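Before any comments, here is the structure.
Residue numbers (the numbering used here): 22 to 191.
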């Protein structure tokens, strides 16, 4: 793969990250504009559309931290975002780069919320009878999919002579 094609792919992956973050923000904006905080709209027997807020981390951990967690999580997200951008630009394996791109898009989507709202807007509620999974959003989905893809790719051995690397060197 030529240097130009490699750069085009890298910037394409960064653009995908931006598209994920932007899509996440659009969904969150729609939720905030169309639903009252705490409102839940049944969609299927297993899924509700909700308007929830999360001031903590995944599964609302540290949500009752008194405010310190906002700045701590913003700092972590900024550092992780820069690391992911660097990994995307340096990564030689396509699958890994795609995984990093998904994670970056989700991290930036939630980072925008923390900076401008002070909390993350969640809108998806999956449940079974009276048991509800913690509410989540599009950014969270991208982070989970990126993590699963990264783990999957990590267990695939690199083979020489195959086109699994961004630079085509095998």
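For each residue, glycine too, the CB sits at the ideal point set by N, CA and C.
Treat the numbers as computed from the prediction; the structure is a model and nothing was measured.
Q: Identify every residue that forms a DSSP beta bridge with residue 146.
A: For the purposes of this step, residue 146 is taken as the residue at position 125 of the chain shown. BP columns for residue 146 point to 69.
Q. Touching or not, the region 138 to 157 and the region 99 to 110, by the rule of three or more beta carbon pairs under 8 Å?
A. no
(Q) At the level of alpha carbons, what is the spacing between residue 166 and residue 123? (A) Start at 1 with the first residue of the chain shown, and residue 166 comes out as number 145. Start at 1 with the first residue of the chain shown, and residue 123 comes out as number 102. Distance between the alpha carbons of residue 166 and residue 123: 7 Å.
Q: Tell me whether residue 184 is buried or exposed, calling it buried when 16 or more other Cβ atoms sit within 10 Å of its Cβ.
A: Here residue 184 is taken as the residue at index 163 of the chain shown, counted from 1. Confidence in residue 184 is poor, its pLDDT being 48 and thus under 50, which makes the residue's placement unreliable; the coordinate value appears in the next sentence. Residue 184 comes out exposed.
Q: Decide if the region 103 to 122 is in contact with the region 160 to 176; the criterion is three or more beta carbon pairs, one per stretch, under 8 Å apart.
A: yes
Q. Are the beta-carbon atoms of residue 36 and residue 129 separated by less than 8 Å?
A. Along the chain shown, read from residue 1 onward, the residue named residue 36 stands at position 15. Along the chain shown, read from residue 1 onward, the residue named residue 129 stands at position 108. Against a cut-off of 8 Å, the Cβ pair of residue 129 and residue 36 comes out as no contact.
Q. Is residue 93 helix, strand or coil when you go by DSSP?
A. Locating residue 93 in the chain shown gives position 72, where the first residue counts as 1. In this structure, residue 93 counts as helix in the three-state DSSP scheme.
Q: Have a look at residue 28 and residue 107 and give me their C-alpha separation to the nearest angstrom.
A: Sequence index remark: in the chain shown, residue 28 carries index 7 (1-based). Sequence index remark: in the chain shown, residue 107 carries index 86 (1-based). Cα to Cα, the separation comes out at about 13 Å.
Q. Which residue from 64, 52 and 59 puts its Cα closest to that of residue 148?
A. As a working mapping, residue 148 is identified with position 127 in the chain shown. Out of 64, 52 and 59, 64 has the C-alpha closest to the C-alpha of residue 148.
Q | Residue span of the alpha helix (DSSP H) that contains residue 156, given as start and end | A | For the purposes of this step, residue 156 is taken as residue 135 along the chain shown, with counting starting at 1. Premise fails: residue 156 is in no alpha helix (DSSP H) and is neither H nor E.
Q) Exposed or buried, which one is residue 145 when buried takes at least 16 other CB atoms within 10 Å? A) Within the chain shown, the letter at position 124 stands for residue 145. Per the 10 Å Cβ criterion, buried.
Q. Does DSSP classify residue 23 as helix, strand or coil?
A. Counting from 1 along the chain shown, the entry for residue 23 is found at position 2. Here residue 23 sits in coil by DSSP.
Q | residue 115: first and last residue of the uninterrupted alpha helix (DSSP H) it sits in | A | Working through the chain shown from its first residue, we reach residue 115 at position 94. Where residue 115 is concerned, the enclosing alpha helix (DSSP H) stretches over 115 to 137.
Q | Local Cβ density within 10 Å of residue 34, reported as buried at 16 or more and exposed below that | A | Residue 34 sits at position 13 when you count from the first residue of the chain shown. So residue 34 counts as buried.
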